[in-house]
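Chains as they are written, first to last, in this note's numbering: chain A, 84 to 397; chain P, 84 to 397. Backbone N, C-alpha and C fix where the C-beta goes; we use that ideal spot for every residue, glycine too. Only a predicted model underlies this, so the values are computations on that prediction, with no experimental measurement involved. One structure is given here, and the rest of the page talks about it.
2 protein chains.
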Amino acid sequence: MEQIARLIKNADSIIVITHIAPDGDALGSAFALGLAFESIGKKVSVYLEEPVPRMLDFLPGKHLVVDNTDGTWDLAVCVDTSDLNRLGKGSHIYKATLKRVVIDHHTTNDMKADGLWIDKKAAAAGEMVYSLMKHMNIKLNHDIAINLYTAIATDTGGFRYSNTRSETHLIAADLLTFDIPFADVAKKVFDTVSYSKMELMKKTMQNLTLHCNGKVAVSWLLNDDIITVNAQPDDFEGLVNIGRNLEGVEVSLFLREEKPNYYKGSLRANDYVDVAEISSIFSGGGHMRAAGFSVEGNLQDNIKRIVAEIEKVL
Amino acid sequence: MEQIARLIKNADSIIVITHIAPDGDALGSAFALGLAFESIGKKVSVYLEEPVPRMLDFLPGKHLVVDNTDGTWDLAVCVDTSDLNRLGKGSHIYKATLKRVVIDHHTTNDMKADGLWIDKKAAAAGEMVYSLMKHMNIKLNHDIAINLYTAIATDTGGFRYSNTRSETHLIAADLLTFDIPFADVAKKVFDTVSYSKMELMKKTMQNLTLHCNGKVAVSWLLNDDIITVNAQPDDFEGLVNIGRNLEGVEVSLFLREEKPNYYKGSLRANDYVDVAEISSIFSGGGHMRAAGFSVEGNLQDNIKRIVAEIEKVL
Chain A
84 MEQIARLIKN
94 ADSIIVITHI
104 APDGDALGSA
114 FALGLAFESI
124 GKKVSVYLEE
134 PVPRMLDFLP
144 GKHLVVDNTD
154 GTWDLAVCVD
164 TSDLNRLGKG
174 SHIYKATLKR
184 VVIDHHTTND
194 MKADGLWIDK
204 KAAAAGEMVY
214 SLMKHMNIKL
224 NHDIAINLYT
234 AIATDTGGFR
244 YSNTRSETHL
254 IAADLLTFDI
264 PFADVAKKVF
274 DTVSYSKMEL
284 MKKTMQNLTL
294 HCNGKVAVSW
304 LLNDDIITVN
314 AQPDDFEGLV
324 NIGRNLEGVE
334 VSLFLREEKP
344 NYYKGSLRAN
354 DYVDVAEISS
364 IFSGGGHMRA
374 AGFSVEGNLQ
384 DNIKRIVAEI
394 EKVL
Chain P
84 MEQIARLIKN
94 ADSIIVITHI
104 APDGDALGSA
114 FALGLAFESI
124 GKKVSVYLEE
134 PVPRMLDFLP
144 GKHLVVDNTD
154 GTWDLAVCVD
164 TSDLNRLGKG
174 SHIYKATLKR
184 VVIDHHTTND
194 MKADGLWIDK
204 KAAAAGEMVY
214 SLMKHMNIKL
224 NHDIAINLYT
234 AIATDTGGFR
244 YSNTRSETHL
254 IAADLLTFDI
264 PFADVAKKVF
274 DTVSYSKMEL
284 MKKTMQNLTL
294 HCNGKVAVSW
304 LLNDDIITVN
314 AQPDDFEGLV
324 NIGRNLEGVE
334 VSLFLREEKP
344 NYYKGSLRAN
354 DYVDVAEISS
364 IFSGGGHMRA
374 AGFSVEGNLQ
384 DNIKRIVAEI
394 EKVL
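Below, the structure written as structure tokens:
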């Protein structure tokens, strides 16, 4: 961290870069860094290839954004990114800048940099930005606190995921002293649902059936359902949880038709079933309680086969 | 707090009481107090009129529960309860016990006690129990931490409601040092949905229509929908938010048929509409962003009238 602090101190102009399709941690961390560097007198830009997503357009710091790769800077700071390919055209800036810093919390990271700081235990890149600011004695303020709160809340599912640490809450406690509208942030980040997503949720509920005495929930979406509502890629996120969250359910299976007779399957378990093992029967993989696979053939036949495998381990 | 500490120290046997239909804060606070008193050598009971709700049956401390009002204790400690009527038969115990303590965070509280401690700023009674334990130098442990975490998470909507304070996160930071399964707690408390509730959610989505360029969402449930799925009272909670959470929506209106041609209405706003004012037009009331009322007559006619009033202030 000290080496990174020195690189920052020695730079007059800094460009902050993060991954494409940025989430709350990526954008919040990038804007927090940008505002922090600005506050200590640096010439700062934040490179974003895409417009700020509507859900996150409340984040302060948009005045720092540049959307072209022209210009040169003394230092490039890349945050929340594990791989050069995830930078989009920002990779050109990164490669062309003389001094480079990486701040990241992903498990794997193959970036090259003059200052490389990876903390796998950090729940969010925003936690690392907070620590760096403390280390450099850069004062927090209201706008930086909103960005860091959004970063940390996003990547911890609002302090609910198991990556949340005691330190995470200590940081949140400090951020709340800046009188930030955290309840509004949470509402915007966690509760907002697109119309197309609601349509997919509704259809998922309509198709949902219970099996094995209510311990297994099964649902699916056909390609027609998806096309009709003009669904976006992130609309599918969490649909498998509709079944998983039902009282009494241990395993939820969700199938999505990608092309005729070809389905992407998601499995979730609540307490004890190892769904990675079930996925492996269908040449898929994943974690103990969250796994995925693909199957071909008739939908209902596939469901019967998969549920039969689940039933064996209930 | 010092007076309460003294009353506790002077008692050999203590009964802890909380309100009927106990939520996570009530039960978590009651069990945390019970376990804390037990750890300093007191003879402790926790009185519960009803069985522990299934969603909360993971809370440690059930061995302390008594479900009858027989027995006498030196001290009754009543937590998270603002009103004697909310104690059910527990009020008999409370009235019959010689020394009495009240620990509560409700805005109004008309309980009589030898030690009365009301902290309206506390997000949860669990925060007060935590402070009391610190004050009395009672050591936290894993089981007490689970109870306090559940108490605080429940009443703050997982640190998302505006009642969450910087102190709330400081307490959570301390509780997480006891290696508690907070992610499982969050999943159980926030994500679990009953089958009947999912049916109501589905129906609410099916009936949902957008008005005023997508700024107003309207939905409803008929009594038949409710009876068919054998809905429980708490299944209705949050159905108005399905519309409120839709991207672009400012006001959500939800109507529930209570008897033929008689509807209970809920209104929610996101950012700027004062729905208390709209409710007052229909002889209802509430807060700026959350209000309610009742209307008689034809469903669609009522929707037209209400939406017309909303449209005026958009």
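Assigned secondary structure, residue i (DSSP; H/G/I helix, E/B strand, else coil)
i        : result
P/Phe376 : strand
A/Asp100 : Looking at the sequence itself, residue 100 of chain A is Ile, so the reference to Asp does not match. In this structure, A/Ile100 counts as strand in the three-state DSSP scheme.
A/Gly321 : coil
A/Glu340 : strand
P/Val312 : coil
P/Val135 : coil
P/Thr287 : helix
P/Gly348 : strand
P/Ser302 : strand
P/Ala207 : coil
A/Ser112 : helix
A/Lys217 : helix
A/Lys182 : strand
A/Ala159 : strand
A/Ser335 : strand
P/Val268 : helix
P/Val148 : strand
P/Phe242 : coil
P/Met194 : coil
A/Asn168 : helix
P/Val390 : helix
P/Gly173 : helix
Separation of residue j from residue i, as counted between CA atoms
i        : j        : result
P/Ala414 : A/Leu142 : Only positions 84 to 397 of chain P appear in this structure, which leaves residue 414 of chain P out of reach.
A/Asp354 : P/Tyr232 : 20 Å
A/Phe337 : P/Thr311 : 26 Å
A/Ile386 : A/Ala236 : 36 Å
A/Ala359 : A/Ser349 : 10 Å
P/Tyr278 : P/Leu305 : 18 Å
A/Leu110 : A/Val184 : 17 Å
P/Asn290 : P/Trp303 : 6 Å
P/Gly375 : P/Lys347 : 7 Å
P/Asp357 : P/Val378 : 19 Å
A/His146 : A/His294 : 54 Å
A/Pro105 : A/Arg137 : 12 Å
P/Asp267 : P/Asp257 : 18 Å
P/Lys203 : P/Gly369 : 20 Å
A/Ala373 : P/Ala314 : 31 Å
A/Val390 : A/Ser366 : 16 Å
P/Ile361 : A/Asp140 : 29 Å
A/Lys342 : P/Ala300 : 34 Å
A/Lys271 : P/Arg89  : 46 Å
Proximity below 8 Å, CB of residue i to CB of residue j
i        : j        : result
P/Met194 : P/Leu167 : yes
A/Gly144 : A/Val129 : yes
A/Ala94  : A/Asp197 : no
A/Gly107 : A/Glu132 : no
P/Phe265 : P/Leu223 : no
A/Ile91  : A/Phe120 : yes
A/Glu333 : A/Ile364 : no
A/Arg169 : A/Ile103 : yes
A/Ala234 : A/Ser112 : yes
A/Ile229 : A/Ile176 : no
A/Ile263 : A/His225 : yes
P/Met288 : A/Met216 : no
A/Ala269 : P/Arg248 : no
Integer-rounded CB distance, given that residue j should sit under 8 Å from residue i
i        : j        : result
A/Ala208 : A/Ile186 : 6 Å
P/Met284 : P/Ile227 : The Cβ separation is near 35 Å, so there is no contact.
P/Val162 : P/Leu116 : 6 Å
P/Pro165 : P/His189 : Residue 165 of chain P is actually Ser in this sequence, not Pro. Yes, they are in contact, since the Cβ atoms of P/Ser165 and P/His189 sit about 4 Å apart, within 8 Å.
A/Gly321 : A/Phe273 : A/Gly321 to A/Phe273, Cβ: 11 Å. No contact.
P/Val276 : A/Asn328 : 5 Å
P/Asp308 : P/Lys286 : 5 Å
P/Met84  : P/Trp200 : 6 Å
A/Leu397 : A/Lys298 : 6 Å
P/Leu259 : A/His252 : 6 Å
Which residues DSSP lists as bridging residue i, in chain order
i        : result
A/Ile201 : A/Asp187
A/His294 : A/Val299
A/Val127 : A/Ile97
A/Gly368 : A/Gly375
P/Leu329 : A/Val276
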